[in-house]
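Just below is one structure, and these are the notes that go with it.
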Amino acid sequence: MFRSIVHNCSFLLRRSSAASLHSQILIRGSSIRFISDSKQTQTASAGNTTTSSAKNSDTSNNRIGNIPIDLLYTMNDPKPVRHEILESTKPLTTNDLENWDIDINRHREPVGWSDKIAFVTVKLLRKPTDWFFKKKYIHRAVMLETVAAVPGMVAGTVRHLRSLRKLKHDGGWIDHLLHEAENERMHLMTWMAISRPNLWERALIAVVQGVFYNCFFALYLASPKTAHRMVGYLEEEAIVSYTSFLNEIDNGHIENTNKIPDLAIDYWNLDRNTATLRDVVLAVRADEATHRDTNHHFADRLLFRQEDLRKDAKQVFKESGLSNKKHKMAGLSHAATEKWKE
Ligand SMILES: [Fe+2]
Ligand SMILES: [Fe+2]
1062 MFRSIVHNCS
1072 FLLRRSSAAS
1082 LHSQILIRGS
1092 SIRFISDSKQ
1102 TQTASAGNTT
1112 TSSAKNSDTS
1122 NNRIGNIPID
1132 LLYTMNDPKP
1142 VRHEILESTK
1152 PLTTNDLENW
1162 DIDINRHREP
1172 VGWSDKIAFV
1182 TVKLLRKPTD
1192 WFFKKKYIHR
1202 AVMLETVAAV
1212 PGMVAGTVRH
1222 LRSLRKLKHD
1232 GGWIDHLLHE
1242 AENERMHLMT
1252 WMAISRPNLW
1262 ERALIAVVQG
1272 VFYNCFFALY
1282 LASPKTAHRM
1292 VGYLEEEAIV
1302 SYTSFLNEID
1312 NGHIENTNKI
1322 PDLAIDYWNL
1332 DRNTATLRDV
1342 VLAVRADEAT
1352 HRDTNHHFAD
1362 RLLFRQEDLR
1372 KDAKQVFKES
1382 GLSNKKHKMA
1392 GLSHAATEKW
1402 KE
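The opening position of the sequence shown corresponds to residue 1062 in our numbering, with each subsequent residue numbered one higher.
Shown next, in the form of structure tokens:
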């Protein structure tokens, strides 16, 4: 990450050299120092030792070139959602991906009218999708992901605003919801690198987004429990679709190409030498299983009025013997809990 920032900084500084006075960027140990002709200096934290001469057009305002330096430090690589990938120390092979416990047949039986509405709505939405895309699975995946990336962002936004409005902690949902939206967008970016939707599909995507975003937003305001249950069922259907996609690869109807975009290899930590389209589909399907389980869990928490994840998560961490570092990562340190105690 740091190396890529330094690389980007050097690139930007080279580009701005013609328009600036003599400046120098010195990166020493834990600081980056900008030195201009007027002897102005500024520092920012960093990690490596590199030296490069360059000219900076505006060092007096925390900028490199015309980009605020803090923006460069927050351009993080997107993180995967599954713990197997986050914890992997070596590139993942097909065998690894096939052996993850994702239970592709897991189904949450609808209980009550709210669940039944969510279930029937998803089943009805599937019909026109099947009719339109038939066996064009990559094109179908593009459409699916443009829709799937909406709920996490809507739910995260609504809960963020509610936290601000009610002056209360959210209970630990927002980060995951936004992360889910990012994960779905990474699915979309991956499929877009493999396939290009035609004009009709692009038009359909625009219309569907306009309708789906507003409908889901209204549903989330009216009944977040139904909304999360609906996403849980949408994810169950996504798993069915990606399983059919895998079957088409396995029976030779879709070529199992090894031309996999770097974006996908880096994101899921796939083995660059052996990764194929099948591995990507396995990884995406595993992500959908995470979304299925988390959204059904969120709906259950709303059903039982136990929205606050922090107390239960703290107990789980305690019982499982996970380290203090994990507590801190989840915002579950003693101080954090005390601070937000109602
Ligand atoms: Fe997805
Ligand atoms: Fe999903």
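Virtual Cβ for every residue (Gly too), placed ideally from N, Cα, C.
Which of helix, strand or coil does DSSP assign to P1189? Reduced to three states, the DSSP call for P1189 is helix.
Could you name the residues of the same chain whose beta carbon sits closer than 7 angstroms to that of E1206, not counting the 5 residues immediately before and after it, in chain order? Answer for E1206: E1245, H1248, L1249, W1252, listed in chain order.
Which of helix, strand or coil DSSP assigns to R1167: The three-state secondary structure of R1167, taken from DSSP, is coil.
Would N1317 and I1326 be called neighbours here (beta carbons separated by less than 8 angstroms)? Not closer than 8 angstroms, so no.
Express the C-alpha separation of I1255 and G1217 in angstroms, rounding to a whole number. So the alpha carbons of these two residues sit roughly 29 angstroms apart.
Would you check whether ligand 2 has a heavy atom nearer than 7 angstroms to the C-beta of H1237? False, no ligand heavy atom lies under 7 angstroms from that Cβ.
Every unbroken alpha helix (DSSP H) inside the region 1271-1308 [4 residues or more]: Taken in chain order, the complete alpha helix (DSSP H) segments of 4 or more residues contained in the region 1271-1308 number zero; there are none.
With hydrogens ignored, establish whether the beta-carbon of V1345 is closer than 7 angstroms to any heavy atom of ligand 1. Result yes, Cβ under 7 angstroms from ligand 1.
Rounded to the nearest angstrom, what separates L1282 and L1222 at their Cα positions? The alpha-carbon separation between L1282 and L1222 amounts to approximately 11 angstroms.
Is A1325 near ligand 2, judged by its Cβ being under 7 angstroms from some heavy atom? No, since every heavy atom of ligand 2 falls outside the 7 angstroms radius drawn around the Cβ of A1325.
Between which residues of its own chain and F1306 is the CB-CB distance below 6 angstroms, once the five residues before and five after are set aside? So the list reads Y1198, V1342, once near-sequence residues are dropped.
Taking G1233 as the reference, which of T1355, E1380, S1381 has the closest Cα? Ranking the options by Cα distance to G1233, first place goes to T1355.
Please tell me whether V1269 and V1208 are closer than 8 angstroms, where the distance is taken between their beta carbons. Their beta carbons are under 8 angstroms apart, which means V1269 touches V1208 by this criterion.
Round the Cβ separation of R1167 and R1353 to the nearest angstrom and send it over; I've been treating them as touching at under 8 angstroms. Here R1167 really is in contact with R1353; their C-beta atoms are around 7 angstroms apart, less than 8 angstroms.
What are the boundary residues of the alpha helix (DSSP H) that H1200 is part of? H1200 -> alpha helix (DSSP H) spans 1198-1227.
Could you tell me if S1381 is buried or exposed, where buried requires 16 or more neighbouring beta carbons within 10 angstroms of its beta carbon? Residue burial is scored here from C-beta neighbours: S1381 has fewer than 16 other C-beta atoms within 10 angstroms and is therefore classed as exposed.
Looking only at its own chain, which residues have a Cβ that is under 6 angstroms from the Cβ of P1171, when we skip the five neighbours before and after it? Taken in chain order, the residues that qualify are K1177, F1180.
Coarse secondary structure for I1128, derived from DSSP in three states: Strand at I1128.
Out of curiosity, what's the CA-to-CA distance linking D1361 and F1273? In a straight line, the C-alpha of D1361 is about 23 angstroms away from that of F1273.
Own chain, CB closer than 6 angstroms to F1288, minus 5 neighbours either side, in chain order: Just to set this straight, residue 1288 is Ala in the shown sequence, not Phe. Excluding sequence positions up to five before and after A1288, its CB lies within less than 6 angstroms of the CB of L1280, Y1281, all in the same chain and listed in chain order.
Express the C-alpha separation of Y1328 and R1366 in angstroms, rounding to a whole number. Taking the Cα positions, R1366 is about 35 angstroms away from Y1328.
Determine the contact status of V1292 and P1189, defining contact as a CB-CB distance below 8 angstroms. If you check the CB distance, V1292 and P1189 do not come in under 8 angstroms.
Contact defined as beta carbons within less than 8 angstroms: I believe D1323 pairs with V1142. What is the distance between those atoms, to the nearest angstrom? The Cβ separation is near 20 angstroms, so there is no contact.
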